[in-house]
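Engineer:
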Amino acid sequence: MGDLTIRAVQLAHPTGVAHEAGDEVELTMAIVNSGTVDDRLVGVSGPDFGGAAVGDPPVAAATTADPSSSDPDDALAHRTQPAADRTAVDVLLPAREAVLIGTDAPVVVLSELDRRIDAAHSVALTLTFARAGETTVLAVVAPPSDVRPRGPLHDFHGPDFHGPDSHDPDS
1 MGDLTIRAVQ
11 LAHPTGVAHE
21 AGDEVELTMA
31 IVNSGTVDDR
41 LVGVSGPDFG
51 GAAVGDPPVA
61 AATTADPSSS
71 DPDDALAHRT
81 QPAADRTAVD
91 VLLPAREAVL
101 IGTDAPVVVL
111 SELDRRIDAA
121 HSVALTLTFA
131 RAGETTVLAV
141 VAPPSDVRPR
151 GPLHDFHGPD
161 FHGPDSHDPD
171 S
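The sequence shown begins at 1 in full-length UniProt numbering and counts up one residue at a time.
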């Protein structure tokens, strides 16, 4: 990508089980401009969402459902609502500097998801730069930032498993 290096491209972890079709999701990444001339990120597009803008991050809808639930119906209670005050994607990438997108920096929000995106899945993004042109990257859903409760462990072997070192002639 010439003088630009793109790292750690991620979608925010969903507040529920997954990002649902129609939701908005925050995009985070680091872009390093090692060149001597400024550039600008002027577009983010892809087949799995309707648009992208810079501004306030999406806000989780009010809900009484349990966010740690694994029930798919509970995920509907965690839909995101559009935030106000967004503009077209236009982020300055100063020469010889790194720019962090998202999390206390310019926030890029992908809107109108076309499909459900579960944790650890990815979407293709085409990033458009004023000078460097276009490049396609994969954005994976980030892991949760908080500690999530674990469910009960599953015994894959069951009570009748004797293991490979068993001397039981019936195993």
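Where is the CB? At the ideal position from N, CA and C, for every residue including glycine.
#1: Tell me, please, whether the segment 19-32 touches the segment 105-117 by the rule of three or more beta-carbon pairs shorter than 8 angstroms.
#2: Quick check: the segment 125-136 against the segment 35-54, are there 3 or more CB pairs under 8 angstroms?
#3: So, V109 versus D39, is the Cβ gap smaller than 9 angstroms?
#4: Which two residues bound the contiguous beta strand (DSSP E) that contains G43?
#5: For A18, which three-state DSSP category applies?
#6: Quick check on T36: does DSSP put it in helix, strand or coil?
#7: Tell me the DSSP bridge mates of R7?
#8: Out of V9, S34, E97, V91, state which residue places its alpha-carbon closest to the alpha-carbon of L27.
#9: Can you list, in chain order, the residues of its chain with a C-beta nearer than 8 angstroms to that of A53? Leave out the 5 residues immediately preceding and following it.
#10: For the candidate residues P152, V147, G151, R131, whose alpha-carbon lies nearest to that of L4?
#11: Could you check which residue in P14, R7, G51, V37 has the C-alpha nearest to that of A142?
#12: To the nearest angstrom, how far is it from the Cα of N33 to the Cα of I101?
#13: Cβ of I117 within 9 angstroms of Cβ of L41?
#14: Out of T136, I31, G16, which has the shortest C-alpha to C-alpha gap to L93?
#15: How is the beta strand (DSSP E) around S111 delimited, first residue to last?
#16: Rounded to whole angstroms, what is the Cα-Cα separation between V99 and P106?
#17: Determine the burial state of Q81: buried for a count of at least 16 other Cβ atoms within 10 Å of its Cβ, exposed for fewer.
#18: Express the C-alpha separation of P152 and I6 in angstroms, rounding to a whole number.
Structural biologist: Looking at the coordinates:
#1: The segment 19-32 and the segment 105-117 touch, with no fewer than 3 CB-CB distances between them shorter than 8 angstroms.
#2: Because the criterion of three Cβ pairs below 8 angstroms is met, the segment 125-136 and the segment 35-54 touch.
#3: Their beta carbons are not under 9 angstroms apart, which means V109 does not touch D39 by this criterion.
#4: G43 -> beta strand (DSSP E) spans 39-45.
#5: Strand.
#6: Coil.
#7: In DSSP, R7 forms a bridge with A30.
#8: Comparing alpha-carbon positions, the option among V9, S34, E97, V91 lying closest to L27 turns out to be V9.
#9: Closer than 8 angstroms at Cβ, skipping near neighbours: R86, T87, A88, V89, V108, V109, S111.
#10: Relative to L4, the option among P152, V147, G151, R131 whose CA is nearest is R131.
#11: Ranking P14, R7, G51, V37 by Cα distance to A142 puts P14 first.
#12: When only Cα atoms are considered, N33 and I101 end up about 13 angstroms apart.
#13: Judged by beta-carbon spacing, L41 lies beyond the 9 angstroms limit of I117, meaning their Cβ atoms are not closer than that value.
#14: Nearest Cα to L93 within the set T136, I31, G16: I31.
#15: Looking at the DSSP string, the run of the beta strand (DSSP E) that includes S111 is 108-111.
#16: Cα to Cα, the separation comes out at about 9 angstroms.
#17: With a pLDDT of only 43 at Q81, under the threshold of 50, the placement of this residue in the model should not be trusted, and no figure is reported.
#18: In this structure, the alpha-carbon of I6 lies about 39 angstroms from that of P152.
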